[in-house]
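Visitor: Residues are numbered in this note's numbering as their position in the sequence shown, beginning at 1, plus a constant of 1148. Think of the CB as a built atom: it goes at the ideal place given N, C-alpha and C, for glycine as much as any other residue. On a predicted model such as this, the values are computed, not experimentally measured, just so you know. Dumping the structure here so I can ask a few things about it.
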Amino acid sequence: MSEPIKHIVIVGGGSSGWMSAALLSKLLQGRVTITLVESEQIGTVGVGEATIPAIKLFNHLAGIAEADFIKATGATFKLGIEFVNWKTVGHSYFHAFGALGRQWEWLSFYQYWLKLQQLGQALPFEHYCIASCMAQQHKFMPADANRPQSPVSEIAYAYHFDAGLYARYLRELSEQRGVVRLEGLISHVARDEVTGHIRQLLLDDGRQLHGDLFIDCSGSRALLLGQALGVGYDDWSHWLPNDSAWAVPTEALTDVPPYTRSTAHSAGWQWRIPLQHRTGNGLVFSSEFCSDDEARSQLLAGLTTPPLDDPRLLRFTTGKRKQMWWGNCVAIGLSSGFLEPLESTSLHLVQTAITRLVNLFPDKSFAQANIDHYNLLAATEMEQIRDFIVAHYKVTQRNDSEYWRYCRRMQVPEPLAQKLAIFRAYGRVHRVADELFREDSWVQVLLGQGLSPNRYDPLVDLKPEAQLRDFAASTAAVIQSCVAQMLKHQDFIARLMAST
Ligand SMILES: Cc1cc2nc3c(=O)[nH]c(=O)nc-3n(C[C@H](O)[C@H](O)[C@H](O)COP(=O)(O)OP(=O)(O)OC[C@H]3O[C@@H](n4cnc5c(N)ncnc54)[C@H](O)[C@@H]3O)c2cc1C
């Protein structure tokens, strides 16, 4: 019988390190010891503040109470993303979480909408989606499961939060559960001569750190998996050419919107993430198509509140490690790869990596088939998310800069090319297994970016037109009346804070 893993060492105290510590210390309580080492000298990337709804599951599994978390991290609620200037300059659309319209017999709502739109009898798509309507009016409420027939039962949301406060909050929680934190700089990684596995870490003050399983959360430097173990990197820059970002905090917005805004520029895009106490902003761009100074000026010109600091420049390479688990080392977070934050998926990838590791938890034999399984699942997940992000660039009508002309011309990965062809034919969405982005997301983004199907689903024509009109009109009316009764997002947060 092989021996169980008894000691886990986590390298890095950014969001991925502390998320790993918080969840593993909860799920494996008392069965393993966990040590986390981080270096204030190096610091963290300090961004990563917008999420997707699955973060609620992470918080739940980690034993985090929502009101507590919102207070501790200055969080606000997020119903989706507003995309401005992505299809054409001056156009905008919303990618909302949760359901779009109502299912009616065989088909999803948007198929009926496609026909009504062709007949000139449809309102804009957003009117049929409760989250978009709430976002437009800066309203918020969580789903009400006691009203199963109402669209309010289907409200889905995520959070915006302060990355630094989140890491601090998770650190307190983890330390209460016995995680040992070491402050120190790792200067050497010693490997076993036979297996090549990591044996111990040496800190620059001479301390030694032994472990059975090492989790590399050291950020984009990938200190363990990349530098020490030499696992290579698949570069995806030809599909996602952005490689830099300026980030700057600004004053808080009044009447805080419950959504992220993404505004496309001539060679990249700008994010605006509203928190309770400040606003996170940044401009992601391609250094091949835009100078640092030009990008910085565009960011500052696009701010909606005054800056609180000087902008900070970050560099990255889009792609993933060839293996995210090798031997006794698993990379989680930026060390495992990076996809730009357009759909706020990085922290989600951290979350799924931790749960995948728990599901495929090893013993000291580190069975290779188990490691291969982990790597296959991790790579597939990341490739699927990559394709969703690439679609935002490929499907655009923008022609006003060399950057956008490059994006329109580029060859996309084959699975995405197939998806686009299938959507173009009858507006159908082809998804594989448990792909993260569901039909509703693909539909909103593809329609929003300007990809109109040649034809709607032929089954739509089996419904009389008058019934279609009534169905769509009543859907929009019910949504409007629900949203009219909701609190403003700002007031909802104030009430929640007052109750904690
Ligand atoms: C521009 C930008 C915007 C982003 N926006 C979003 C977003 O909106 N939503 C989202 O989900 N994600 C976003 N991300 C991604 C997100 O920021 C990261 O996934 C997340 O912060 C996790 O980072 P990390 O913990 O892996 O790395 P880091 O934060 O870089 O942490 C690395 C840690 O390793 C430690 N370390 C490194 N070397 C050593 C050493 N030698 N010795 C000791 N310690 C060491 C450091 O001290 C630090 O604690 C964004 C990323 C970028 C670049």
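Along the alpha helix (DSSP H) that carries T1120, what are the first and last residues, could you check?
Guide: Any question about residue 1120 goes unanswered here, given that the chain covers just 1149 to 1648.
Visitor: Taking all protein chains shown into account, decide if H1336 is buried (16 or more other Cβ within 10 angstroms of its Cβ) or exposed.
Guide: By 1-based counting over the sequence shown, the position of residue 1336 is 188. Classification for H1336: exposed.
Visitor: Taking 8 Å as the line, does the beta carbon of H1496 fall inside it for any heavy atom of ligand 1?
Guide: As a position in the sequence shown, residue 1496 is number 348, starting the count at 1. True, at least one ligand heavy atom lies under 8 Å from that Cβ.
Visitor: Output the boundary residues of the alpha helix (DSSP H) element that contains Y1241.
Guide: Within the sequence shown, numbered from 1, the residue matching residue 1241 stands at position 93. Not the alpha helix (DSSP H): Y1241 falls in the beta strand (DSSP E), residues S1240 to A1244.
Visitor: Which residue marks the beginning of the alpha helix (DSSP H) containing L1346, and which one marks its end?
Guide: Residue mapping note: residue 1346 aligns to position 198 of the sequence shown, counting from 1. One detail in the question is off: residue 1346 reads as Ile in this sequence, not Leu. Taken as a continuous stretch (DSSP letters only), I1346 belongs to no alpha helix (DSSP H), being part of the beta strand (DSSP E) at I1346 to L1351.
Visitor: Are the beta-carbon atoms of L1248 and C1281 separated by less than 9 Å?
Guide: Position 100 of the sequence shown holds residue 1248. Position 133 of the sequence shown holds residue 1281. Not in contact: L1248 and C1281 (Cβ atoms no closer than 9 Å).
Visitor: Quick one: measure Cβ to Cβ for K1512 and I1200, integer angstroms, because I've assumed they're closer than 8 Å.
Guide: On the sequence shown, residue 1512 is found 364 positions in, with the first residue counted as 1. On the sequence shown, residue 1200 is found 52 positions in, with the first residue counted as 1. The pair is not a contact, with the Cβ atoms about 35 Å apart (cut-off 8 Å).
Visitor: Going by other Cβ atoms of all chains shown within 10 Å of its Cβ, with 16 needed for buried, is P1342 buried or exposed?
Guide: Translated into the one-based positions of the sequence shown, residue 1342 becomes position 194. At residue 1342 the sequence reads Val, which differs from the Pro that was named. V1342 is exposed by the Cβ-count criterion.
Visitor: For L1564, which residues of its own chain have a beta-carbon under 7 Å away from its beta-carbon, when the five flanking residues on both sides are left out?
Guide: The count along the sequence shown starts at 1 and reaches residue 1564 at position 416. Here the set comprises D1535, V1538 and A1539.
Visitor: In the DSSP assignment, find the alpha helix (DSSP H) that holds T1528 and state where it starts and stops.
Guide: Numbered from its first residue, the sequence shown carries residue 1528 at position 380. Taken as a continuous stretch (DSSP letters only), the alpha helix (DSSP H) holding T1528 covers Q1516 to K1542.
Visitor: Can E1186 and V1159 be called in contact, C-beta distance under 9 Å?
Guide: Locating residue 1186 in the sequence shown gives position 38, where the first residue counts as 1. Locating residue 1159 in the sequence shown gives position 11, where the first residue counts as 1. Result yes, Cβ atoms of E1186 and V1159 sit closer than 9 Å.
Visitor: Can A1311 be considered in contact with ligand 1, in the sense that its beta carbon sits closer than 8 Å to one or more heavy atoms?
Guide: By one-based count along the sequence shown, residue 1311 stands at place 163. At least one heavy atom of ligand 1 is nearer than 8 Å to the Cβ of A1311, so yes.
Visitor: Do the CB positions of Q1532 and V1580 come within less than 9 Å of each other?
Guide: Locating residue 1532 in the sequence shown gives position 384, counting from the first residue. Locating residue 1580 in the sequence shown gives position 432, counting from the first residue. Their beta carbons are under 9 Å apart, which means Q1532 touches V1580 by this criterion.
Visitor: Going residue by residue through the stretch 1326 to 1385, where are the continuous beta strand (DSSP E) segments of at least 3 residues, counting only ones entirely within it?
Guide: The stretch 1326 to 1385 contains these whole beta strand (DSSP E) runs: 1328 to 1331, 1334 to 1339, 1346 to 1351, 1356 to 1358, 1361 to 1364 and 1381 to 1383.
Visitor: Helix, strand or coil for F1640 per DSSP?
Guide: To locate residue 1640, count along the sequence shown from 1; it is residue 492. F1640: helix per DSSP, three-state reduction.
Visitor: Between the Cα of T1493 and the Cα atoms of M1558, E1583 and D1457, which residue gives the shortest distance?
Guide: Reading the sequence shown from its first residue, position 345 is the one you call residue 1493. Closest option to T1493, Cα to Cα, is E1583.
Visitor: If we ignore side chains and look at the alpha-carbon of each, how far apart do L1635 and D1292 end up?
Guide: Taking the first residue of the sequence shown as 1, we reach residue 1635 at position 487. Taking the first residue of the sequence shown as 1, we reach residue 1292 at position 144. Roughly 14 Å separates the two Cα atoms.
Visitor: When you compare the CB positions of Q1638 and V1404, do they come within less than 9 Å of one another, or not?
Guide: Counting from one through the sequence shown, the residue named residue 1638 turns up at place 490. Counting from one through the sequence shown, the residue named residue 1404 turns up at place 256. For Q1638 and V1404, yes; Cβs fall inside 9 Å.
Visitor: Within the continuous beta strand (DSSP E) that includes W1683, where are the two ends?
Guide: Absent from the structure is residue 1683, since the part of the chain shown begins at 1149 and ends at 1648.
Visitor: With H, G and I counted as helix, E and B as strand and the rest as coil, what does DSSP make of D1511?
Guide: Within the sequence shown, numbered from 1, the residue matching residue 1511 stands at position 363. Of the three classes helix, strand and coil, the one that applies to D1511 here is strand, per DSSP.
Visitor: For the alpha helix (DSSP H) holding G1430, just list the boundary residues, first then last.
Guide: Here residue 1430 refers to the residue found at position 282 when the sequence shown is read from its first residue. Note, G1430: premise wrong, no alpha helix (DSSP H); beta strand (DSSP E) at T1427 to F1433.
Visitor: On the DSSP bridge list, what partners appear for E1442?
Guide: The residue you call residue 1442 lines up with position 294 of the sequence shown. Per DSSP, none; premise fails for E1442.
Visitor: Helix, strand or coil for K1204 per DSSP?
Guide: Looking up residue 1204 in the sequence shown gives position 56. If DSSP states are grouped into helix, strand and coil, K1204 belongs with the helices.
Visitor: Enumerated in chain order, which unbroken segments of the alpha helix (DSSP H) with a length of 4 residues or greater are wholly contained in the stretch 1206 to 1287?
Guide: Here the runs fully enclosed are 1214 to 1221, 1257 to 1266 and 1278 to 1284.
Visitor: Measuring only the C-alpha atoms, how far is V1591 from G1598?
Guide: As a first step, residue 1591 must be located in the sequence shown, where it is residue number 443. As a first step, residue 1598 must be located in the sequence shown, where it is residue number 450. One C-alpha to the other measures close to 11 Å.
Visitor: Enumerate, from N- to C-terminal direction, the unbroken alpha helix (DSSP H) stretches of 4 or more residues contained entirely within the stretch 1552 to 1627.
Guide: Listed in chain order, they are 1562 to 1574 and 1587 to 1597.
Visitor: Touch check for the stretch 1363 to 1376 and the stretch 1424 to 1441: three-plus C-beta pairs under 8 Å?
Guide: Verdict: no, contact absent.
Visitor: Would you check whether ligand 1 has a heavy atom nearer than 8 Å to the C-beta of G1596?
Guide: Locating residue 1596 in the sequence shown gives position 448, counting from the first residue. Every heavy atom of ligand 1 is 8 Å or more from the Cβ of G1596, so no.
Visitor: Quick one: what's I1156 bridged to in DSSP?
Guide: Here residue 1156 refers to the residue found at position 8 of the sequence shown. I1182 and L1361, per the DSSP bridge assignment.
Visitor: Mind checking whether the beta-carbon of R1426 lies closer than 8 Å to any heavy atom of ligand 1?
Guide: For the purposes of this step, residue 1426 is taken as the residue at position 278 of the sequence shown. It does not: the Cβ of R1426 is nowhere closer than 8 Å to a heavy atom of ligand 1.
Visitor: Does DSSP put S1410 in a helix, a strand or coil?
Guide: As a first step, residue 1410 is located in the sequence shown; it is residue number 262 there, counting from the start. Here S1410 sits in strand by DSSP.
Visitor: Let me confirm a value: N1602 is counted as buried when at least 16 other C-beta atoms fall within 10 Å, else exposed. Which label applies?
Guide: Along the sequence shown, read from residue 1 onward, the residue named residue 1602 stands at position 454. Burial call: exposed.
Visitor: Whose CA, out of E1442, T1452, L1525 and W1417, lies closest to the CA of P1489?
Guide: To locate residue 1489, count along the sequence shown from 1; it is residue 341. If we check each option's Cα against that of P1489, W1417 comes out closest.
Visitor: Is it right to say S1150 is buried, meaning 16 or more other beta carbons lie within 10 angstroms of its own, or is it exposed?
Guide: The residue you call residue 1150 lines up with position 2 of the sequence shown. Looking at its Cβ environment, which holds fewer than 16 other Cβ atoms inside 10 Å, S1150 is exposed.
Visitor: Cβ-heavy atom distance between L1388 and ligand 1 below 8 Å?
Guide: Within the sequence shown, the letter at position 240 stands for residue 1388. Incorrect: L1388 has no Cβ contact closer than 8 Å to ligand 1.
Visitor: Going by other Cβ atoms of all chains shown within 10 Å of its Cβ, with 16 needed for buried, is W1394 buried or exposed?
Guide: The count along the sequence shown starts at 1 and reaches residue 1394 at position 246. Under this definition W1394 is a buried residue.
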